[in-house]
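Asker: Could you have a look at this structure, given as structure tokens, before my questions?
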Amino acid sequence: MTSSAPDQPQQSETSTPTNLGNNIQLVRRASRVEGSSLSPPHTWSDSAEQDEDTAESRHLFTVVVTLPEGKILDSRVISDSISAEMLQPGNRFFSCLLGKGQSILLSAAATSIRQRIFARINCGVTNHACELLCEFESKRARVTALALRAAYGPSTPFHSLTFTTKHAASCALTHIDYTLVLESIRYDKHPRFRSIPYLGHLPTDLIGRSILAFVYAPDVHVIRQAHVDLHNSRGRVVKSVTSLRFVAYNGALLRADTEWSAYVNPWTKKIDMVVARHRILDAPIGDANVLDSPANGQSLHVLPPAMAKTFEDELRALMNKVSITHYYFL
């Protein structure tokens, strides 16, 4: 990007190319060693020891609740990690759902009779990332909670995963194309979201947020260069020269090879959407239980908000720059 582009809005002092270059160098130097807070590669916490990954072994509890109030009518607690007292009939189930869990469940009830959703719950001492199998009837729902488990473990061989992200010109993630696999359980016709055990993030953790929100801070220059290459190649597929590291939900790092492509709007001649295919290369650096909550409640390995905004402004300027004469459609 150059400051002489005719359609580029005037930039603030912090977003000039010189300052951006300085910011990139600062970010690169911020963590030459991948964090004193990270464990060595291929290490696991005690919670990583897992039984066979079946629906029965992951079953936490089943409740029947009223809608839209969420009052518990009946409950069956399976796991010792779940407080039976919190799920007693008469209590409010929605108080156990964290984040957007309640709104997602109510939205599902309005559109289907059976649906699989993902949410974090707290029905005891610790939080659980869960797969909720929901069956809806008139003004009530039967919810079966299955614990999600990380894809990594001391006795689990590593299998590479490829997943796709899409982000708009605003840098906000609009889609995550999870790898699908069929399960031989009660919901055997429904896809299972396999990237969740690899990344630790639920769909609600990512959709609508900036792509930089789960990229390792010293690697943001990889994304910036990919957008420069997309602009110069008129949206055609480009591959990052170096691998890109993502930050899992618990703060561990995941290394991935990435290919990028873009959709160029034929009327505005600007990039409307960027699509990236990421292939996870190996087990995480840090605690491999990626579904755990991060230390102190937040990840320390992503850009601070002020610096993230600077890079987002740079990416937006690249995607809104009109200099493409040929169009490539995905």
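Residue numbering for the sequence shown follows the working numbering, starting at 365 and increasing by one per position.
For every residue, glycine included, the Cβ atom is placed at its ideal position computed from N, Cα and C.
Cα separation between GLY454 and HIS523?
Answerer: Taking the first residue of the sequence shown as 1, we reach residue 454 at position 90. Taking the first residue of the sequence shown as 1, we reach residue 523 at position 159. Approximately 44 Å, taken between the alpha carbons.
Asker: Decide yes or no for the touch test of the region 641 to 655 against the region 619 to 629: beta carbon pairs closer than 8 Å, at least 3 of them.
Answerer: yes
Asker: Whose C-alpha, out of VAL601, SER597, ILE587, TYR627, is nearest the C-alpha of LEU608?
Answerer: Here residue 608 refers to the residue found at position 244 when the sequence shown is read from its first residue. Closest option to LEU608, Cα to Cα, is ILE587.
Asker: Based on Cα-Cα distance, which residue from PHE578, ALA612, LEU570, PRO582 lies nearest to HIS539?
Answerer: Working through the sequence shown from its first residue, we reach residue 539 at position 175. Among PHE578, ALA612, LEU570, PRO582, the Cα nearest to that of HIS539 is on LEU570.
Asker: So, for VAL602: in the same chain, excluding its five sequence neighbours on each side, which residues have a beta-carbon less than 8 Å away from its beta-carbon?
Answerer: As a position in the sequence shown, residue 602 is number 238, starting the count at 1. Around VAL602, the same chain offers ALA590, ASP593, LEU594, GLU623, TRP624, SER625 as residues with beta carbons nearer than 8 Å, after the five sequence neighbours per side are excluded.
Asker: Is it right to say GLU501 is buried, meaning 16 or more other beta carbons lie within 10 angstroms of its own, or is it exposed?
Answerer: The count along the sequence shown starts at 1 and reaches residue 501 at position 137. The residue in question, GLU501, is exposed, as its Cβ has fewer than 16 Cβ neighbours within 10 Å.
Asker: Taking the straight line between their C-alpha atoms, what separation do you get for ARG484 and LEU461?
Answerer: One-based indexing of the sequence shown puts residue 484 at position 120. One-based indexing of the sequence shown puts residue 461 at position 97. The straight-line gap separating the alpha-carbon atoms of ARG484 and LEU461 is approximately 6 Å.
Asker: Quick one: Cα of PRO381 to Cα of GLU678, how far?
Answerer: Residue 381 sits at position 17 when you count from the first residue of the sequence shown. Residue 678 sits at position 314 when you count from the first residue of the sequence shown. Note on PRO381: pLDDT 41, under 50, position unreliable in the model; the coordinate value appears next. Roughly 9 Å between the two C-alpha positions.
Asker: When burial is assigned at 16 or more other CB atoms within 10 Å of the CB, is THR490 buried or exposed?
Answerer: One-based indexing of the sequence shown puts residue 490 at position 126. With fewer than 16 other Cβ atoms within 10 Å, it is exposed.
Asker: CB-CB under 7 Å to PRO567, same chain, minus the five flanking residues each way: which ones, in chain order?
Answerer: Mapped onto the sequence shown, residue 567 falls at position 203. If we look at PRO567 and ignore the five residues flanking it on each side, its Cβ neighbours are PHE482, ILE540.
Asker: Exposed or buried, what is GLU495 when buried is set at 16 or more other beta-carbons lying within 10 Å of its beta-carbon?
Answerer: Along the sequence shown, read from residue 1 onward, the residue named residue 495 stands at position 131. So GLU495 counts as buried.
Asker: I believe HIS642 touches ILE575 by the beta-carbon criterion, under 8 Å. Please report the beta-carbon distance rounded to the nearest angstrom.
Answerer: The residue labelled residue 642 in the question sits at position 278 within the sequence shown. The residue labelled residue 575 in the question sits at position 211 within the sequence shown. That pair is no contact at about 11 Å.
Asker: Note the first and the last residue of the continuous alpha helix (DSSP H) segment covering ASP621.
Answerer: For the purposes of this step, residue 621 is identified with residue 257 of the sequence shown, where counting begins at 1. Run containing ASP621: none in the alpha helix (DSSP H); it sits in the beta strand (DSSP E), 617 to 628.
Asker: Quick check on DSSP: helix, strand or coil for LEU682?
Answerer: Position 318 of the sequence shown, counted from the first residue, corresponds to residue 682. Looking at LEU682 - three-state DSSP - the assignment turns out to be helix.
Asker: Taking only three categories from DSSP, how would you classify GLY465?
Answerer: Working through the sequence shown from its first residue, we reach residue 465 at position 101. Reduced to three states, the DSSP call for GLY465 is helix.
Asker: Got a sec? Which residues, its chain only, sit under 6 Å from ARG478 by beta carbon, not counting five neighbours each side?
Answerer: Sequence index remark: in the sequence shown, residue 478 carries index 114 (1-based). So the list reads GLU499, once near-sequence residues are dropped.
Asker: Beta-carbon separation of THR529 and ALA640 under 7 Å?
Answerer: The residue you call residue 529 lines up with position 165 of the sequence shown. The residue you call residue 640 lines up with position 276 of the sequence shown. For THR529 and ALA640, yes; Cβs fall inside 7 Å.
Asker: Where does CYS487 sit, in a helix, a strand or coil, going by DSSP?
Answerer: To locate residue 487, count along the sequence shown from 1; it is residue 123. Three-state DSSP puts CYS487 in coil, outside helix and strand.
Asker: Pull up the CB-CB distance for ARG680 and ALA533, whole angstroms please, since I reckon it's below 8 Å.
Answerer: Residue 680 sits at position 316 when you count from the first residue of the sequence shown. Residue 533 sits at position 169 when you count from the first residue of the sequence shown. Yes, they are in contact, since the Cβ atoms of ARG680 and ALA533 sit about 6 Å apart, within 8 Å.
Asker: CA-CA distance, LEU424 and ALA659?
Answerer: Mapped onto the sequence shown, residue 424 falls at position 60. Mapped onto the sequence shown, residue 659 falls at position 295. The straight-line gap from Cα to Cα measures roughly 24 Å.
Asker: If you drop the 5 nearest sequence neighbours on each side, which residues of the same chain put their C-beta closer than 7 Å to that of ILE446?
Answerer: The count along the sequence shown starts at 1 and reaches residue 446 at position 82. Excluding residues within five positions, the ones whose Cβ falls inside 7 Å are LEU424, PHE425, CYS487, GLY488.
Asker: Return the residue from the list ALA493, LYS673, LEU664 that minimises the CA-CA distance to LYS464.
Answerer: As a working note, residue 464 is residue 100 in the sequence shown. Taking only the C-alpha atoms, the option nearest LYS464 is ALA493.
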